Each structure stands twice: as C-alpha cells, then as structure tokens.
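I have placed the structure first, in the form of structure tokens, so that the comments after it can refer back to it.
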Amino acid sequence: MSIKETLEDTASGWLKDLESRSIENVVSKWTEDIHYAVHPDTNSIYPVNREQFRTNDRAANIFKHLKYLKSFKITINEMFTDVGKRTVTMVCTSKGETAAGSYGTDCLFVVTMTDDGKKIQKLCEWIDFQKGQGALSKAVH
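Residue numbers (the working numbering): 51 to 191.
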C-alpha cells in the first residue's frame with residue numbers, strides 16, 4: 051500500500067470510527083498528544099489531547115446525543131491528500147435518522163498523520179452546528 055493510500059485509509063477509517071458513536075473507537079487511531087480542535091470554538095475549550103477528549107464533559111454530551119440517532123452515516127464528498135505534509139482534507143456530509151425526523155449537516159475534517167500514516171496527530175473539524183443541533187434537540191426532547 052502506498053503512503054497516499056495509507057493516509058486516506060487512516061482518515062476515512064477514522065470517519066467509520068466516528069460513525070460507531072463510541073468515544074473509545076473515535077480515539078483509537080489518535081496519538082496520545084494529538085492536537086484536536088473543533089471550529090468554531092465558541093467555548094474556548096480546544097485544542098485538547100487524547101485523554102482530555104476522552105474525559106471532556108462536552109464530548110461525552112455530544113456522543114450521548116448521537117446515541118439518539120437510529121442511523122448515522124458520514125459521506126466523503128471530496129478528499130484532498132498532501133503526502134508531503136501527511137495531511138488529508140475531507141469535505142463531508144453527515145446524515146442520520148432520529149425519532150423526530152432526519153438529521154444532516156456539513157463538515158470539513160483536516161487530518162494530519164504520523165510519518166507512517168497510521169496514527170492521527172492533528173485533527174481539526176469545522177461543523178455546521180446550526181443544522182445539526184436543531185434536529186438533535188428535537189430527538190432528545
């Protein structure tokens with residue numbers, strides 16, 4: 051497998067881990083000292099490392115709400131790979147079904163891997179929270 055294929059496999063595999071809605075799966079490909087951030091960071095809590103994410107109340111709350119989804123699928127619409135920088139950028143949409151109806155949002159993930167391409171050492175997300183929060187709050191209440 052080429053390094054480009056390894057990078058893309060690690061990045062897209064992380065999306066599959068995210069679809070599982072399990073914090074342990076989500077962090078399984080992360081280095082301990084990962085630089086993880088979500089934008090916009092309106093609460094000024096990012097960046098965090100692996101352990102900080104695992105024990106973060108906000109992250110736990112997000113995953114709690116994701117459990118309300120009957121289904122959850124992330125589709126990669128475009129993928130850009132910079133082998134030299136070990137970085138994959140993915141333009142995605144996520145869709146799911148809740149008891150209150152459909153959920154969907156747009157997201158961008160910039161994932162930087164270790165030299166071998168097998169672990170994620172930096173991950174930045176940009177998510178359209180306005181779209182997602184409306185559907186999830188209906189499902190919870």
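Cβ atoms here follow ideal geometry from the backbone N, Cα and C, with glycine treated the same way. Please read all numbers here as calculations on a predicted model, not as lab measurements.
Residue i versus residue j: straight-line alpha-carbon distance, rounded
i: L68; j: A61; result: 11 Å
i: R104; j: K114; result: 13 Å
i: A150; j: V133; result: 42 Å
i: N99; j: E147; result: 31 Å
i: V190; j: D107; result: Low confidence applies to V190: its pLDDT is 47, below 50, so where it sits in the model is not reliable enough to give any reading.
i: I112; j: I73; result: 10 Å
i: G63; j: K120; result: 21 Å
i: I177; j: I53; result: 28 Å
i: K172; j: Y86; result: 6 Å
Proximity below 8 Å, CB of residue i to CB of residue j
i: C142; j: T125; result: yes
i: T92; j: T164; result: no
i: L57; j: T131; result: yes
Exposed unless 16 or more other CB atoms sit within 10 angstroms - verdict on residue i
i: S144; result: buried
i: M13; result: Nothing can be reported for residue 13: it is not among the residues displayed for the chain, which extend from 51 to 191.
**Message:** So within the segment 64 to 113, which uninterrupted beta strand (DSSP E) runs reach at least 3 residues, ignoring any that extend past its ends?
**Reply:** 80 to 89
**Asked** What are the start and end residues of each continuous beta strand (DSSP E) run of 3 or more residues lying completely inside the segment 142 to 184, in chain order?
**Response** 151 to 163, 170 to 177
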